Amino acid sequence: MNPARSPQTLDDTITGGIGESPLRPDGVLKVRGEFAYSSDLWHEDMLWGATLRSPHPHALITGIDTSAALAVPGVHAVLTHEDVPGENVYGLKYQDTPALAADRVRYQGEPVAILAADHPEIARQALKEIEVGYEVLEPITDPERAAHDHTLPHLHPDGNLVRYQRIVRGDPDAEAEVVVSGVYEIGMQDQAFLGPESGLAVPAEDGGVDLYLATQWLHVDQRQTAKALGLPLEKVRLTLSGVGGAFGGREDLSMQIHSCLLALRTGKPVKMVYNREESFFGHVHRHPAKMYYEHGATKDGDLVYVRARLYFDGGAYASKTPVVVGNGTTLSVGPYDVPNARIEGWGVYSNNPTCGAMRGLGAVQPTYAYESQMDKLAAALGMDPAELRIRNAMSEGSANVTGQVIDFPAPVAELVQRVRDMPLPPEHRTSPVDIRNLPGGTSNTTHGEGVVRGIGYGVTIKNISYAEGLDDYSTARVRLEVLGGEAVAMVHTAAAEVGQGLVTVQQQIARTELGVPRVTVHPADTSVGDAGSSSASRQTYVTGGAVRNACRAVAERVFARAAGRLGRSPEGMALSGGKIVASDGEVLAALADILGEDAIEETREYHHRPTHPLDPETGQGDAHVQYGFSAHRAVVDVDTELGLVKVVQLDCAQDVGKAMNPDAVVAQIQGGSAQGLGLAVMEEIQVRDGKVRNPSFTDYLIPTVLDMPPMRIDVLERADPHAPYGVRGVGEPPTISATPAIANAIRAATGLELPRVPIRPEHLTGT
Amino acid sequence: MRVNVTVNGEDRQADHVWEGESLLYLLRERLGLPGSKNACEQGECGSCTVYLDGVPACACLVAAGQAEGREVRTVEGLADGEALDPVQESFVECGAVQCGFCTPGLLVAAHDLIERTSEPGDAEIREALAGNLCRCTGYEKILDAVRLAAARKAEVAK
Ligand code: FES
Ligand code: FES
């Protein structure tokens, strides 16, 4: 039984190799409403799962009574931590998160009990019948205090510090002629993917379970789930269903263990779907941060030093906090040459919502701070902000703050020049005013009076792939066979298509490497080797590399077979247009003839070049594989009386190494920029005393089509010699540099300090 | 209760419908039409937009019982058999679909706009789609798709 539909039918005719822009193979199913997302799965006789969550950010659990809930007609099982057969703990980096809370809860929304019922409403109602005794405790909510105040109660056995990292470069106490400093804060952003957490767990005859779900990394889910279920890996099989966006929010487990526990207990398929409110509690968010920065420069504008102290609030559990501290500190000075630095980063536990991965992981926060500082420095020097950035831009051969030499193109100065030189929008004062384009829009709040315009820049550097010594790899299986008289390739990986277009790129690579027009992508599942996560902008690079390697292994076997049949050396053979051709272009044989009845299948991995841990004392080391760079220029109009902002134009230049699918690259830049805009002016999970105040799309605002301005996009292709096809990860940089560009533009318009994003109306009007 | 409703031109019936159920639940879980999506169940995201008696509505805000005897058209009813509607075609062609979760609702909203307005300007398109959230695309390619669909439709009308 496979309740997930195939992402593609074999009849689709799609062409296009790498560097072209073929259409998505799943596009037609998606526009027909036939693409099966994880929330669409259905099974005869299935039950609906639901989760009881803690109302308190911090409390001891004194007792749980499930008997009344179990007595509700239609309820089939009610489970607590006592029903977890394996280890009741999981985690991406540290094993610190209970599948179901046992003796205490550490954040509001922490899962305490789960149940399964015939109808989702019965399930929801029955949750109210579960009685949990709590002894409410004072929550720890100030991350800076959590880092330094050892008298606070320990949320975890080792205290409240998740990771501390220090980076020292050159003379950490260097002095400079011009000094600027500032304290910056960033609110808690949410991934707000549209497809809610959901999946269907189906108990299997072998005592195992098959889970169909939306995730970013099947194998890491499999490992954590199997451990909690007390089952061997091969009995916990995962298949990817349609994923409605991810952006990092699906890296941690949500309903995986819970749905499997319920399915195994009831012996029936169990579907779990979070509603939007639950989704806000059910996944980790972007780390809010407080950052103290000081920049020193010569009076000509050369950076002399950067000193920074960065605090990241990880919330109740570690999740990706160690990586956020690693990325945050190593990327803390931005894409600039800085000879001297002293950087310190703390990631802490608190009773705020758990924070983990989100697009731009660990780089979003410092970029907002250092780009704010760059403008402040430009003002202090009387320099043009773009000029200051260009002057200090790192380039190929630069050493970064961890001493790593950049041995691949780094066209930072050029990216800034390119956005600076793009045409500006017309001044609204000189053209007829359409109020729909003013701050406030159709609300008719202004006709242009009180509106000021500003221009700002944001530039960023983001590491690609997993770092600090992790062996980060992917696996691909490629099969070449004759179907209907034609050679067809099938690519099978466990890599998650979350909307970014990986399925298209996998096909493009196989078409290019194998010279066959018809390529299908097998649904991603755990019956093939690990592909790693669809995050860190790494899949085109790493899974792309694995698909390429597997295709080349297949091709080699084809050539060997052809050589045997044709009685000539395989030397110089190539695949093109479904034929085997010699180096001079001569057609040697049809691929279908050589293959005959015998399919050729090969599985290969791709490991990127090794990275190294940071020295714990000095923070020096070659921690990252590759970097992505992008620059934005924002133009904003601000109604200074009402504090309303309209982003008029948002332009971006980005280096992608090689645009595997140019249209999809542009689409990633547009989508990423929208999330950066959201963080600049509207998106924040508002937390007070550890409690979330706006867990809905009514109160957590994400940009609409009215908020997104037109964008000009300039894509550079400076191949990275170390990466497959020269690619450079694309997905994250545009999210990161958009936010400071907009914040800087609003500052330029208003002259206000604005040390916090999102910038809200009250920050602009001082009310 | 029992609910009778015409969906995509077919008379359909559902039994044992609980009063609190939404039209969205009825469509997705009882009538086997999961095309309309549930992303907020609060009328905020537009992912569940369907035509109700020819007028776009958020199916999550309509009680299943309210649909009694009425006509619903969902994303599954936009295509004419195998042939995609021009607005579906242009969404595919323009790369307006990434994860695609917002797509069904956007298609219905865009379809309605183009039905009502022969040559919508940019501001009109933005206004018409303002109730539909998309988290992936940044909307630019969605705008391209609506412009293309409108232009094609205008071409055919000429
Ligand atoms: S699900 Fe109906 S508007 Fe969001
Ligand atoms: S394409 Fe993912 S939400 Fe719009």
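Residue numbers (the numbering used here), protein chains in the order written: chain A, 1 to 767; chain B, 1001 to 1158.
For every residue, glycine included, the Cβ atom is placed at its ideal position computed from N, Cα and C.
None of the values given here were measured: they were computed from a predicted structure.
Here His-607/A is bridged, per DSSP, to Tyr-473/A. If only uninterrupted alpha helix (DSSP H) runs of at least 4 residues are considered, those enclosed by the region 123 to 166 of chain A are 143 to 148. Here the alpha carbon of Cys-355/A sits roughly 16 Å from the alpha carbon of Glu-278/A. In the structure shown, Val-243/A adopts coil according to DSSP, grouped into three states.
Taking the Cβ of Phe-1101/B as the reference point, at least one heavy atom of ligand 2 falls within a distance shorter than 7 Å. In this structure, DSSP gives Gly-672/A a helical state, which the three-state scheme calls helix. For the region 271 to 297 of chain A, the set of residues with a beta-carbon nearer than 7 Å to any beta-carbon of chain B comprises Asn-275, Arg-276, in chain order. Ser-474/A has its Cβ no nearer than 7 Å to any heavy atom of ligand 1. Residues of chain A with a Cβ closer than 7 Å to the Cβ of Pro-1034/B are, in chain order, Asp-40. Here the alpha carbon of Arg-1030/B sits roughly 45 Å from the alpha carbon of Leu-438/A. Taking C-alpha positions only, Tyr-164/A is separated from Val-325/A by approximately 7 Å.
In the structure shown, Pro-1104/B falls within a helical segment according to DSSP collapsed to helix, strand and coil. A straight-line Cα-Cα distance of about 36 Å links Ile-746/A and Leu-502/A. Distances from the CA of Ala-378/A to each of Arg-342/A, Arg-760/A, Thr-367/A, Asp-302/A were compared; the closest alpha carbon is that of Asp-302/A.
In the structure shown, Gln-508/A adopts helical secondary structure according to DSSP, grouped into three states. Relative to ligand 1, even the nearest heavy atom lies 7 Å or more away from the CB of Cys-1136/B.
Excluding its 5 nearest sequence neighbours in each direction, Ala-410/A has C-beta neighbours in its own chain below 6 Å: Met-394, Ser-395, Glu-396, listed in chain order. Beta-bridge partners of Phe-280/A (DSSP): none assigned. Ranked by Cα distance from Gly-91/A, the first of Leu-218/A, Val-84/A, Ala-99/A is Ala-99/A. Scanning Ser-696/A, Glu-641/A, Gly-729/A for the CA closest to the CA of Glu-762/A turns up Glu-641/A. Pairing Gly-182/A with Asp-118/A gives a Cβ-Cβ distance that is not under 8 Å. Using a cutoff of 7 Å, the CB of Gln-1066/B does not count as near ligand 1, since none of the ligand's heavy atoms is closer than that.
At least one C-beta of chain B is nearer than 8 Å to the C-beta of Val-31/A. The alpha carbon of Ser-254/A has as its nearest neighbour, out of Lys-268/A, Val-478/A, Asn-275/A, Gly-334/A, the alpha carbon of Asn-275/A. Of the heavy atoms belonging to ligand 1, none sits nearer than 7 Å to the Cβ of Gly-195/A. Judged by beta-carbon spacing, Leu-1052/B lies within the 8 Å limit of Val-1062/B, meaning their Cβ atoms are closer than that value. Only residues of its own chain outside the window of five on either side were considered, and among them Ala-563 have a CB closer than 7 Å to the CB of Ser-569/A, listed in chain order. Taking all protein chains shown into account, Asp-149/A has fewer than 16 neighbouring C-beta atoms within 10 Å of its C-beta and is therefore exposed. Judged by pairs of C-beta atoms under 8 Å, the region 1037 to 1047 of chain B does not touch the region 132 to 146 of chain A, as fewer than three such pairs exist. Straight-line spacing of the CA atoms in Glu-1093/B and Gly-578/A works out to 26 Å.
Here Asn-327/A is not bridged, per DSSP, to any residue.
For the pair Gly-296/A and Ile-1125/B, the Cα-to-Cα distance works out to about 48 Å.
Contact of Ala-1149/B with chain A is not assigned, every C-beta pair being separated by 8 Å or more. Contacts with chain A (Cβ-Cβ distance below 8 Å) from the region 1041 to 1062 of chain B involve Glu-1041, Gln-1042, Glu-1044, Cys-1045, Ser-1047, listed in chain order. Under a 10 Å Cβ-count criterion, Gly-382/A is classified as exposed, with fewer than 16 other Cβ atoms of the shown protein chains found around its own Cβ. For the options Ala-476/A, Ala-318/A, Pro-426/A, Ala-380/A, the alpha carbon positioned closest to that of Tyr-94/A is the one of Ala-318/A.
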